[in-house]
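Have a look at the structure below, then the notes.
4 protein chains.
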Amino acid sequence: MLMFLDDYSEGAHPALLEALVAGNGGQELGYGKDQYSRLATARIAAQVGRDCEVHLLVGGTQTNLTCLGAFLRSHEGVIAAQTAHINVHETGAIEATGHRIVQIPTPTGKLDPGLVDQALAQHEDEHSVRPAGIFLAQATEVGGVYTGEELGALCAHAHARGLWVYVDGARLAPALAALGARLDLVVACGVDAFFVGGTKNGALCGEAVVLVNDGLRRDFRYHMKQRGALLAKGRLLGIQFARLFDGDDLWYRLGAQANAAAARLARGLSGCGVPPRAAEANQVFVELPDDAATRLATAVRFHVWSHGERGTVIRLVCSWATDEATVDRLIDEVRGALAASTGTATPPGEVRETGGTARAGSGA
Amino acid sequence: MLMFLDDYSEGAHPALLEALVAGNGGQELGYGKDQYSRLATARIAAQVGRDCEVHLLVGGTQTNLTCLGAFLRSHEGVIAAQTAHINVHETGAIEATGHRIVQIPTPTGKLDPGLVDQALAQHEDEHSVRPAGIFLAQATEVGGVYTGEELGALCAHAHARGLWVYVDGARLAPALAALGARLDLVVACGVDAFFVGGTKNGALCGEAVVLVNDGLRRDFRYHMKQRGALLAKGRLLGIQFARLFDGDDLWYRLGAQANAAAARLARGLSGCGVPPRAAEANQVFVELPDDAATRLATAVRFHVWSHGERGTVIRLVCSWATDEATVDRLIDEVRGALAASTGTATPPGEVRETGGTARAGSGA
Amino acid sequence: MLMFLDDYSEGAHPALLEALVAGNGGQELGYGKDQYSRLATARIAAQVGRDCEVHLLVGGTQTNLTCLGAFLRSHEGVIAAQTAHINVHETGAIEATGHRIVQIPTPTGKLDPGLVDQALAQHEDEHSVRPAGIFLAQATEVGGVYTGEELGALCAHAHARGLWVYVDGARLAPALAALGARLDLVVACGVDAFFVGGTKNGALCGEAVVLVNDGLRRDFRYHMKQRGALLAKGRLLGIQFARLFDGDDLWYRLGAQANAAAARLARGLSGCGVPPRAAEANQVFVELPDDAATRLATAVRFHVWSHGERGTVIRLVCSWATDEATVDRLIDEVRGALAASTGTATPPGEVRETGGTARAGSGA
Amino acid sequence: MLMFLDDYSEGAHPALLEALVAGNGGQELGYGKDQYSRLATARIAAQVGRDCEVHLLVGGTQTNLTCLGAFLRSHEGVIAAQTAHINVHETGAIEATGHRIVQIPTPTGKLDPGLVDQALAQHEDEHSVRPAGIFLAQATEVGGVYTGEELGALCAHAHARGLWVYVDGARLAPALAALGARLDLVVACGVDAFFVGGTKNGALCGEAVVLVNDGLRRDFRYHMKQRGALLAKGRLLGIQFARLFDGDDLWYRLGAQANAAAARLARGLSGCGVPPRAAEANQVFVELPDDAATRLATAVRFHVWSHGERGTVIRLVCSWATDEATVDRLIDEVRGALAASTGTATPPGEVRETGGTARAGSGA
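Residue numbers (this note's numbering), protein chains in the order written: chain A, 436 to 799; chain B, 436 to 799; chain C, 436 to 799; chain D, 436 to 799.
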């Protein structure tokens, strides 16, 4: 069965596994003070090209809750798109640290200055939380990529209103590949803190937090430890990130590979008559007639994203490990499902379930 | 200056103050074990007419956070209308106890079975919080009153899905007056827990929590103490509630008085050509041309609720203490403001502020 | 039955009740923006004699959790004596805001620079919380009063180590009476924030927070609202504190009255051959043979504090309302209980319960 | 420089790394639904030999906070020895989930029924948290191992008082090796939930939670996700635990290896005239004259544990990877440091710092 569920279905990129084997011997200090972690954070800082602090954590939700829990005072909230990962797929992790997410409906999954001002207008006194910062994902949870201009404008607007900007970079490598840019772009746009995603870009696990804004750095290792995010054998993270940011630009290249597969898939879907909604990086969202989606689910694992007016929107995710042949097989399956479809949407009220497998693992 | 900001601008009803004076002497046990608190909770339980536990707390936000914090386990969330008080006017108090509010947009400010099912459909596995219960306010935050049928259907639906129903009764007295009902109705509808509002219905302070569902009662006094809601001199609450639920139905009568004033106001507004949107209990929402609202704000204090397509929606609240003459003066002011109005809405983009006074005290 | 359980068994001082009656009419803004709250906070600020912010809250646990929750970042803890009220009698209220109390065993219930340094020595890196401030109660929970010298030395020491000092002033009036001092002393000693206790000194309810340190003031009303501590009808608090700090020094005089009663009691106990352990303000702790304590409990309500080597330590609390005749009756009861006692301690291992009544209301 | 700081200084056991390489290919479902995680949890459940749920998490603090946060309701606390890891080395992680640790001073680092009753006696009503369960570490944080009898008696006592027992098993393998027992012993003693330590026993990372008590299992994956403890590429954990519990008893053997090294070290120290205080499993605590400890720190990395009356207590930890030659070199260093020592303790008040290296990595 084909699997386009997500970008963490594979193991590690072989080069990382080799590095783990090579670095397994010898004793190291714990909790991120090992030589590999020091090397990795130095390499990332060099890529950022600006004074910053870099810390290595294990996973995305952990990183988001540790960062936002560290940045926010108890009466403060964070502004985020309604579709934000922290708002829909993290089981109230931010709220469990005591903080409210100020949700904003967005047309595209992206925030912009006008949307931020709407949120601020509804939070003018002590009867609401004080918005202190902005959360966004680059690439977004619904497939888009902020351009440098968009991100720069948003950061400038935020700073003018006393807000910081934090970027969830779980899919930062594909996003930067899409922009033809590198880590320094993120900081050049004015982002105050972000993370460099490893899990979805070749690592077994790992997200590297980059704290640029001096005001957000204070005592960050305390917050890591308090949230259970200070890994005892830090070398597991250090070795992987040191390898990803070694001289051969592996981290960047893996992002580009994922995008190339997604682009091939998008072209194929258009060729089938179902052009995808958004495929700016490595996630492809496409709407199929309900019966075609149901049929496709018998051969391919994917997430059902939503039920639209005319059919089912599904998400197909490519990774660095998705090869061309697999993409082409998927396109064949879609073509077959469409050919057998009556093309009509299931009438509202009827069940439109696409099978248990299609929904497995909804972490997104 | 007239003041229609809210229903807590007055002091206590004189009968309550008299009772406080009468009960001031002598020593009593602390923390709600005094004779007056025992009497008050017994009287309320008698009105409820069903096995229950009754506890006296000080204010509405305190009561909501203490109850929901007690009812919810850490991974659980509470379903509420987007307009719910806990969602918009309590400064993230629920989130500060670690819990997410599952917000539902509603057409009217009321929840119903279909809306609940929508929320549940988006919370199917461990990547979202588990909805455990429903929060609603009776009367609602936007002026409506759930009928017994509506509330009964919602509770039945909730129970069938394993959810409890909790009712914020800050304005329960006007709501029950509107329905011609008494406290026993709330329980007959299936509500699992609710509070009997005192602050907005004649008391200096005080909300009486009624725990009906046995599963929600456990160790409630621990939760009260932990949240700072166990008043040392419990007699302050006990005396007031004992008086409100003395033989003369004072609590019920005050709710009816507030409604009568609101009804008079609604009729007057209709007479001016601006029929209010909703005035089922003691809150009146009416849309005025922007310049009329601005002008009115020079003579009357009120809350600007929202800016609509054709003008400004303002909220005018009546209480047990609002007399007919004051209502009539307000109607005169509205008539005058309308007469001087050009009747056109301010073009979007221009500032439509109605003056500092109009927004003071946005606790709602 | 005599009752020496605590200093919140009485109602309000009559002068406060009169003020409440006098100020009951008319409409006022909610949430502490009423004229009485403004007057009260101005009067308290004048007594403090230094630039500061004053806020009115309802009760002691509420005040402690609101203040400490506001002052601490998530990875920070507060240093307190093991006997501190927040550590033993507040049901984990501070922990429920996410913060650890760094407990220090003390010989006397008081903190001093050496004890603070002990705590700091055990908190040197990110594997422990970062101590950010110090909590202490004046008078202490075990009957002592910090002298101006003690408090000044502690504050200077704390500040040199980057710690703020917060004082629980539930019994500040008796403490200042014992020192012959006024509110300005607290600030002169260097305290960063404290509260002026009303509940235990003549009010029906109410504690006035004084924020001196500018770094601790930020957005305090947000924290109040979030914790359910922003009273809708703020006049209830404003009127009482305005009266307590009116020209006749009522707040100070009530503290002195409580102390005078306690001093009379201490002299009487010494006359009975059982000199109290500490009676520097209005709490008297005395050790009685176990059987004497048990016998006394049939006639007097009090708290059993601990079981010592030679008997039972009980706490007897006087208030502004404790008159001389009642004190003398208590002394007679003690004398009688001692006369009937065999004078021997119950052997360890046997039950030494002094009756249900003796333990009622352990809020302390 | 020799390093006896802890048992997580090494990388993975080579067999685990081989397994990771072997299992790296192919796509798997995320979040612990991969084939390896299913295999690992089945193998552990088989060892437990009782109906239970098994979940794989990344690290010890994360596991403790996820479990206790899941088990406790908001007003409940957990009883633990004052020396417990959660109490001293987890940066308030439990408090950050809102819960108080009920600390008990212990003579030996172990809890027993009498100590538990002491804690309960101080928590009798709603003015303190309600103790709901017991935390203990097996082996303890100070080198001891609960015998089966001790653990059984503690569990029986706890259950009779309505408390559950949770065991931190970071060093469970050495503890069970010391007892000549296997995982089924833990459950036979009555433990309600525990974790099987991987990080300190051969894995790169990983702790396997075993939930035995049905009442503690509910929605555990929700809690994992909420705390950031649901690893996206679950195979990283699944492969390692599947290998540790493969047919060759690797997990058990590694524990025994660590103990053998510690026993050799203990014998050597005794031979030097400084018999260790406790060395029941793989941690050795020994008191040296202050100058000897300082000298030793120039050649060996270790933790200074405390400063005793006669000298400095240091901790020396062995792991599965500690070979005999290294132990013998350490013994030689100790012998040399003792020979050069004046044998006198530094007078109290003087600084007795043993150098920066000696304190590095205090996670313990």
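Virtual Cβ for every residue (Gly too), placed ideally from N, Cα, C.
In the three-state DSSP reduction, H594(B) falls in the helix class (H, G or I). In this structure F720(C) does not touch R730(C) by the C-beta definition: roughly 18 angstroms separates them, more than the 8 angstroms allowed. Per DSSP, reduced to three states, the secondary structure at H534(B) is coil, with no helix or strand assignment. Counting only the Cα atoms, D552(A) lies some 15 angstroms from D560(A). When CB distances to chain A are screened at a threshold of 8 angstroms, the residues of the region 645-668 of chain D falling below it are Y657, K660, Q661, R662, G663, A664, L665, L666, A667 and K668, in chain order. Taken in chain order, the complete beta strand (DSSP E) segments of 3 residues or longer contained in the region 743-782 of chain C are 747-752. Under the 8 angstroms criterion on CB atoms, G504(D) is classed as interfacial with respect to chain B. By the criterion of a C-beta distance shorter than 8 angstroms, D619(D) is surrounded in its chain by Q482, V483, G484 and R485, once the five residues flanking it on both sides are discounted.
Take the alpha-carbon of G494(C) and the one of T634(C): they are about 7 angstroms apart. Take E768(A), set aside five residues on each side of it, and the residues of its chain with a beta-carbon closer than 8 angstroms to its own are L437, L731, A734 and V735, in chain order.
Contact between the region 460-477 of chain C and the region 664-673 of chain C is present, with at least three C-beta pairs closer than 8 angstroms.
The beta carbon of G533(D) falls within 8 angstroms of a beta carbon belonging to chain B, placing the residue at that interface. Under the 10 Å beta carbon count, Q497(D) is surrounded by 16 or more other beta carbons and is classified as buried. According to the DSSP assignment, Q573(A) belongs to no alpha helix (DSSP H), since it is labelled neither H nor E. Neighbours of Y443(C) in chain B, taken as residues at a C-beta separation under 7 angstroms, are given in chain order as G465, A667 and K668. Check the Cα spacing between P724(C) and each of A714(C), V489(C), G743(C) and G615(C): the tightest is with G743(C). Residues of chain C with a Cβ closer than 9 angstroms to the Cβ of C640(B) are, in chain order, V493, C640, L666, A667, K668 and L671. Here the region 456-476 of chain B makes no contact with the region 684-700 of chain B; the two share fewer than three CB pairs at distances below 8 angstroms. In this chain, the alpha helix (DSSP H) harbouring G703(A) covers L685 to G706. Between L589(A) and V600(A), the CB-CB gap stays under 8 angstroms. Only those residues of the region 577-593 of chain A whose C-beta falls short of 7 angstroms from the nearest C-beta of chain B would be listed, and there are none.
When the beta-carbon positions are compared, L500(B) and R653(B) stay at least 8 angstroms from each other.
A Cβ-Cβ distance of about 5 angstroms is found for the pair I514(C) and V537(C), placing them in contact under the 8 angstroms criterion. About 6 angstroms separates the beta carbon of C640(A) from that of L666(D), a gap short enough to meet the 8 angstroms contact definition.
The beta-carbon of G527(D) is placed less than 8 angstroms from the nearest beta-carbon of chain C. Excluding the 5 residues flanking it on each side, A697(A) has same chain C-beta neighbours closer than 6 angstroms at A714, N717, V719 and C753, in chain order. Interface criterion not met: the Cβ of H558(D) is under 8 angstroms from no Cβ in chain B. Secondary structure note for F629(A): its beta strand (DSSP E) is the uninterrupted segment A628 to G632.
Under a criterion of Cβ atoms nearer than 7 angstroms, the residues of chain C adjacent to N459(B) are, in order, G446, A447 and L452.
Cβ-Cβ separation between G632(B) and A605(B): approximately 4 angstroms, consistent with a contact (criterion under 8 angstroms).
Boundaries of the beta strand (DSSP E) harbouring A515(D): E511 to A516, taken from the DSSP string. When the beta-carbon positions are compared, E530(B) and V564(B) stay at least 8 angstroms from each other.
Excluding five sequence positions before and after L492(C), the CB atoms of its chain that fall closer than 7 angstroms to its own CB belong to T498, T501, E642, V644, M659 and A664, given in chain order. Secondary structure note for D603(B): its beta strand (DSSP E) is the uninterrupted segment W599 to D603. Beyond the five residues adjoining it in sequence on each side, L651(B) comes within less than 7 angstroms, by CB distance, of F506, W599, D627 and A628 in the same chain, given in chain order. Per DSSP, H490(A) lies in no alpha helix (DSSP H); the unbroken beta strand (DSSP E) holding it starts and ends at E488 to L492.
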